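Q:
Residue numbers (this note's numbering): 542 to 866.
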């Protein structure tokens, strides 16, 4: 097994003052990376700021013989994102790795979410990924190499009650990463999304109000957590994240899940579906209803590489069914 190292690589980790971000920063530094440890130092609900969180992690890294610098700029503004990347450029002259990890929670019912609960979540999770990602991407393009890891969530991919704001922002990471991966392929830049499941300080604001949803409460109460016992720590997610931003990894435009020591690729796929009769006459709504079971069947499915690939897949399916020549 070849050792995976980050010698002479410069990495930026946002939200690196605690939890998963701290774990990423420490492991990258242990493997030779120079690390910008970014953290605003706010609470799990995004309130307040403190320089101590980032500085403590920097101290851990330097005490172990590594190189790191603290950044307390906010990812939620374009100026803050630029300043984070500029910290790397001013200190080491380049950017090779970005792990976009900063985030917090403000849970509430979908119908009760206020602008104060929606806007900051979107600003930090989704817009923050743009604000740090864009200047980092430009630096990577200039260097002809880059690894970007956006932090999604199973809440965004599969749903979670009382987290519509968070889930929407995290689902946005998938579209963002897909576009960045396609564009970045011309410049040696890879991009993936990680869906981490780990206990963190965000659990402090995970109120149980969502248990009012009967189907969700029943599903949660019947969930088998036995395998997860002792395996939901950040340390179980760190290895996958670090591999995905390593030079050894050649995967891009992927979504990967880390859950209790099980690591897997997640796919957004298309069923083969139903194809309307040949010709230029659209089907009726009733035709859709009559064939909806076939439209929904996932027995055979395809994985489009991009949106235009859907046209090629549709033509292939139509030909296979004798509808198209």
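Quick reminder that beta carbons are idealized off the backbone N, C-alpha and C, glycines included. Computed from a predicted structure; not experimentally measured.
State the Cα-Cα distance for the pair residue 731 and residue 827, rounded to the nearest angstrom.
A: Along the chain shown, one-based indexing puts residue 731 at 190. Along the chain shown, one-based indexing puts residue 827 at 286. C-alpha separation (whole angstroms): 44 Å.
Q: Output the boundary residues of the beta strand (DSSP E) element that contains residue 577.
A: Here residue 577 refers to the residue found at position 36 of the chain shown. Counting along the chain, the beta strand (DSSP E) containing residue 577 begins and ends at 575–579.
Q: Would you grab the beta carbon distance between residue 629 and residue 551 for me? Rounded to a whole angstrom, and I think it's under 8 Å.
A: As a working mapping, residue 629 is identified with position 88 in the chain shown. As a working mapping, residue 551 is identified with position 10 in the chain shown. That belief holds up - the Cβ atoms of residue 629 and residue 551 are roughly 5 Å apart, short of 8 Å.
Q: Let me check understanding here. Comparing Cα to Cα, which of 624, 687, 750 and 603 lies closest to residue 613?
A: Counting from 1 along the chain shown, the entry for residue 613 is found at position 72. Considering only alpha carbons, the answer is 624.
Q: Is it the case that the stretch 680–696 contacts the stretch 711–720, given that we only count it when at least three CB pairs across the two stretches are under 8 Å?
A: Yes, the stretch 711–720 touches the stretch 680–696.
Q: Determine the burial state of residue 729: buried for a count of at least 16 other Cβ atoms within 10 Å of its Cβ, exposed for fewer.
A: Indexing the chain shown from 1 puts residue 729 at position 188. Exposed is the call here.
Q: Can you say whether residue 836 is buried or exposed, counting buried as having 16 or more other CB atoms within 10 angstroms of its CB?
A: For the purposes of this step, residue 836 is identified with residue 295 of the chain shown, where counting begins at 1. Label assigned to residue 836: exposed.
Q: Taking the alpha-carbon of residue 573 as reference, which of 643, 637 and 631 has the nearest alpha-carbon?
A: Position 32 of the chain shown, counted from the first residue, corresponds to residue 573. Among 643, 637 and 631, the Cα nearest to that of residue 573 belongs to 637.
Q: DSSP beta-bridge partners for residue 811?
A: Position 270 of the chain shown, counting from 1, holds the residue named residue 811. Bridge partners of residue 811: 843.
Q: Which residues in the same chain as residue 769 place their Cβ atom closer than 7 Å to its Cβ, once the five residues preceding and following it in sequence are excluded?
A: As a first step, residue 769 must be located in the chain shown, where it is residue number 228. Cβ within range, chain order: 801.
Q: Along the chain, where does the beta strand (DSSP E) containing residue 731 start, and where does it finish?
A: Residue mapping note: residue 731 aligns to position 190 of the chain shown, counting from 1. Residue 731 -> beta strand (DSSP E) spans 730–738.
Q: If we ignore side chains and look at the alpha-carbon of each, how far apart do residue 700 and residue 707 end up?
A: Along the chain shown, read from residue 1 onward, the residue named residue 700 stands at position 159. Along the chain shown, read from residue 1 onward, the residue named residue 707 stands at position 166. Straight-line Cα distance between these residues: approximately 10 Å.
Q: According to DSSP, is residue 608 part of a helix, a strand, or is it coil?
A: As a working mapping, residue 608 is identified with position 67 in the chain shown. Of the three classes helix, strand and coil, the one that applies to residue 608 here is strand, per DSSP.
Q: Measuring CB to CB, does residue 664 end up less than 8 Å from residue 617?
A: For the purposes of this step, residue 664 is identified with residue 123 of the chain shown, where counting begins at 1. For the purposes of this step, residue 617 is identified with residue 76 of the chain shown, where counting begins at 1. It is a contact, given that the beta carbons lie within the stated cut-off.
Q: I'd like the list of long-range same chain contacts for residue 750, defined as Cβ closer than 7 Å, with 5 residues on each side in sequence excluded.
A: Numbered from its first residue, the chain shown carries residue 750 at position 209. So the list reads 703, once near-sequence residues are dropped.
Q: Distance cutoff 8 Å, beta carbons only. Does residue 710 sit that close to anything in chain C?
A: Although the question refers to chain C, the structure presented lacks it and comprises just one protein chain.
Q: Using the C-alpha atoms, what's the distance from residue 804 back to residue 759?
A: Residue mapping note: residue 759 aligns to position 218 of the chain shown, counting from 1. Residue mapping note: residue 804 aligns to position 263 of the chain shown, counting from 1. Cα-Cα distance, rounded: 26 Å.
Q: Once DSSP output is grouped into helix, strand and coil, what is the label at residue 649?
A: As a position in the chain shown, residue 649 is number 108, starting the count at 1. The answer is coil: DSSP assigns residue 649 none of H, G, I, E or B.
Q: Cβ of residue 610 within 8 Å of Cβ of residue 677?
A: For the purposes of this step, residue 610 is taken as residue 69 along the chain shown, with counting starting at 1. For the purposes of this step, residue 677 is taken as residue 136 along the chain shown, with counting starting at 1. No; because the gap between Cβ atoms is not below 8 Å, this pair is not in contact.
Q: Over what stretch of residues does the alpha helix (DSSP H) that includes residue 761 continue unbroken?
A: For the purposes of this step, residue 761 is taken as the residue at position 220 of the chain shown. Note, residue 761: alpha helix (DSSP H), 755–762.
Q: Quick one, which of 556, 569, 562 and 564 has its alpha-carbon nearest residue 786's?
A: Locating residue 786 in the chain shown gives position 245, where the first residue counts as 1. Measuring from the Cα of residue 786, the nearest candidate turns out to be 569.
Q: Let me know the secondary structure DSSP gives residue 721 once reduced to three states.
A: Within the chain shown, numbered from 1, the residue matching residue 721 stands at position 180. In the structure shown, residue 721 sits in a helix (DSSP, three-state: H, G or I).
Q: Identify the residues that DSSP records as bridge partners of residue 800: which are they?
A: Here residue 800 refers to the residue found at position 259 when the chain shown is read from its first residue. DSSP, once it has assigned bridges, lists 738 and 803 as partnering residue 800.
Q: Do three or more CB pairs link the stretch 790–801 to the stretch 811–820 at distances below 8 Å?
A: Contact fails: fewer than three Cβ-Cβ distances are below 8 Å.
Q: Would a C-beta distance cut-off of 8 Å place residue 680 and residue 635 closer than the cut-off?
A: Within the chain shown, residue 680 is the residue found at index 139, counting from 1. Within the chain shown, residue 635 is the residue found at index 94, counting from 1. It is a contact, given that the beta carbons lie within the stated cut-off.
Q: Using the three-state DSSP reduction, which class does residue 787 fall into: helix, strand or coil?
A: To locate residue 787, count along the chain shown from 1; it is residue 246. Reduced to three states, the DSSP call for residue 787 is coil.
Q: Would you mind giving the Cβ-Cβ distance between residue 722 and residue 794, rounded to the nearest angstrom? I have them listed as a contact below 8 Å.
A: In the chain shown, the residue the question calls residue 722 occupies position 181. In the chain shown, the residue the question calls residue 794 occupies position 253. With 8 Å as the limit, residue 722 and residue 794 qualify as a contact, their Cβ atoms being about 4 Å apart.
Q: Are the beta-carbon atoms of residue 775 and residue 560 separated by less than 8 Å?
A: To locate residue 775, count along the chain shown from 1; it is residue 234. To locate residue 560, count along the chain shown from 1; it is residue 19. Their beta carbons are under 8 Å apart, which means residue 775 touches residue 560 by this criterion.
Q: Name the two residues that bound the continuous alpha helix (DSSP H) containing residue 683.
A: Residue mapping note: residue 683 aligns to position 142 of the chain shown, counting from 1. Looking at the DSSP string, the run of the alpha helix (DSSP H) that includes residue 683 is 669–684.
Q: Within this structure, are the beta carbons of residue 640 and residue 686 separated by less than 8 Å?
A: Translated into the one-based positions of the chain shown, residue 640 becomes position 99. Translated into the one-based positions of the chain shown, residue 686 becomes position 145. Cβ distance not < 8 Å, so residue 640 and residue 686 don't count as in contact.
Q: Alpha carbon to alpha carbon, how far is residue 833 from residue 816?
A: Within the chain shown, residue 833 is the residue found at index 292, counting from 1. Within the chain shown, residue 816 is the residue found at index 275, counting from 1. Taking the straight line from one Cα to the other gives about 11 Å.
Q: On a Cα-Cα basis, can you pick out the residue from 777, 575, 719 and 621 that is closest to residue 599?
A: Counted from its first residue, the chain shown places residue 599 at position 58. Comparing Cα-Cα distances from residue 599 to each of 777, 575, 719 and 621, the minimum goes to 575.
Q: Since residue 603 and residue 789 are thought to touch, with beta carbons under 8 Å apart, how far apart are those beta carbons, to the nearest angstrom?
A: On the chain shown, residue 603 is found 62 positions in, with the first residue counted as 1. On the chain shown, residue 789 is found 248 positions in, with the first residue counted as 1. Residue 603 to residue 789, Cβ: 26 Å. No contact.
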